[in-house]
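Position in the sequence shown (from 1) plus 23 gives the number in the working numbering.
Just so it is clear, CB atoms sit at the ideal spot from N, CA and C, and this is done for glycine as well.
As the structure is a computational prediction, the values presented were derived from the model and not from experiment.
Below is one structure, written out as structure tokens; comments come after it.
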Amino acid sequence: MEVRKQELTRYILPLREGGSLPALAEADDGFRYAVKLKGAGHGTKSLVSEFLGGLIAKALKLRVPETVLLTLSPLFGITEPDYEVQQLLRKSEGLNVGLHFLDRAMTFDPSVNRIDPLSASKIVWFDAFIQNIDRSRQNPNMMLWHNDLWLIDHGSSFYFHHTDKDVETAARDPFPYVKSHVLLPYAGKIEEADKLMRQAITPRTLNKIVDLLPDSWLEEESYKGKTQAEIKDEYKKFLTMRLADTRPFVEQIKAEHVRLTGGKTL
């Protein structure tokens, strides 16, 4: 498993739809990216979430834009006139994360666009697994591109790393936020999805993904003086424990689905 590393060459515009003010930019490979900037919001922890979420989704065979490491130089975007954006760019010099930009993609709306119960269940399972709280009806973070469903924006995942919970407690979290998941009403095959998703990924793959995290993102004071190796070990422990016992969040999904639908498959 590899992640490409490119240099940002041209700032295009801010993507103001996102709360963290990502940027649309071009890199030295000629492609355009939605760039998540380390100077925004929750800092590098948001990049960690985006990076891990995107690579885990890919390993699970879910459609996600390619995740790329993007270096932002001191001169990048220097002509941007917006003071807020300019300050954000300057705080984000160094390594950031980019997602291949899905040109002319449309936001997925389950009330208009159909999704089968197994596909919906897989996505709900995935979001519960990585603790992604940001896939609601108000902000589905799913796009239709070339008639396929693509998942974007996983920067609000792994919310345990913003808390004082120990890793073992966090790994057993049933993920109560699933009650707000946009696809929950359609996730009528969660038992089947659980079996398939656990077969699709291994602890070894999860550990390899965590090992790809750039060390420079793991130097925040909020990590409380832990070494990069210790921090990576915590993410590995969280993911492998969560995969070993999916029952807490699978049972939560089933209960919330019944609450919403009366047990019917929509």
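Item checked: Neighbour-count burial assignment, Asp-132, 16 or more Cβ in a 10 Å radius -> exposed
Checklist line | Beta-carbon proximity check, Ile-35 vs Arg-55, cutoff 8 Å | finding: yes
Check: Which whole runs of the alpha helix (DSSP H) in the region 208-242 are 4 residues long or more, in chain order?
Finding: 213-223 and 226-234
Notebook entry, point to check: Cα separation between Val-233 and Phe-99?
Noted result: 29 Å
Check: Does the Cβ-Cβ distance between Asn-136 and Lys-61 come in under 8 Å?
Finding: no
Next item on the list: Using a threshold of 8 Å, state whether the C-beta atoms of Met-264 and Ala-194 are closer than that.
Entry: yes
Next item on the list: Give the straight-line distance between the Cα atoms of Asp-196 and Pro-104, rounded to the nearest whole angstrom.
Entry: 44 Å
Note to self: Does Pro-140 come out as helix, strand or coil in the three-state DSSP assignment?
What the structure shows: helix
Notebook entry, point to check: Under the DSSP definition of a beta bridge, which residues are partnered with Leu-47?
Noted result: Leu-36 and Ala-57
Note to self: As a quick exercise: from Thr-192, Ser-69 and Leu-47, pick the residue whose alpha carbon is nearest that of Leu-125.
What the structure shows: Leu-47
Margin query: Using 8 Å as the cut-off, can you tell me whether the region 66-85 makes contact with the region 170-181, which would need three or more C-beta pairs spanning the two stretches below that distance?
Written below: yes
Item checked: Touch test, the region 217-232 against the region 185-193, Cβ-Cβ under 8 Å, three pairs minimum -> no
Notebook entry, point to check: What residues match up with His-123 in a beta bridge as DSSP calls it?
Noted result: Tyr-56
Check: Given Lys-81, which residues of its chain have a CB within under 7 Å of its CB, disregarding the five upstream and five downstream residues?
Finding: Val-87
Check: Is it right to say Glu-253 is buried, meaning 16 or more other beta carbons lie within 10 angstroms of its own, or is it exposed?
Finding: exposed
Margin query: Quick check: what's the CA-CA separation for Leu-266 versus Arg-221?
Written below: 7 Å
Next item on the list: Compute the distance between the beta-carbons of Leu-31 and Thr-94, then report whether it is under 8 Å.
Entry: yes
Next item on the list: Compute the beta-carbon to beta-carbon distance between Leu-141 and Lys-84, rounded to the nearest angstrom, for a pair I have assumed lies under 8 Å.
Entry: That belief does not hold up - the Cβ atoms of Leu-141 and Lys-84 are roughly 13 Å apart, past 8 Å.
Notebook entry, point to check: Can at least three beta-carbon pairs, one atom from the region 276-283 and one from the region 204-211, be found at a separation below 8 Å?
Noted result: yes
Notebook entry, point to check: Looking only at C-alpha atoms, which of Lys-202, Ala-223, Arg-33 and Ala-216 sits nearest to Ser-96?
Noted result: Arg-33
Margin query: Threshold first: 4 residues or longer. Then list the alpha helix (DSSP H) segments lying entirely within the region 256-285, N to C.
Written below: 270-284
Notebook entry, point to check: How about Gly-117 and Ser-239: do their beta carbons lie closer than 8 Å?
Noted result: yes
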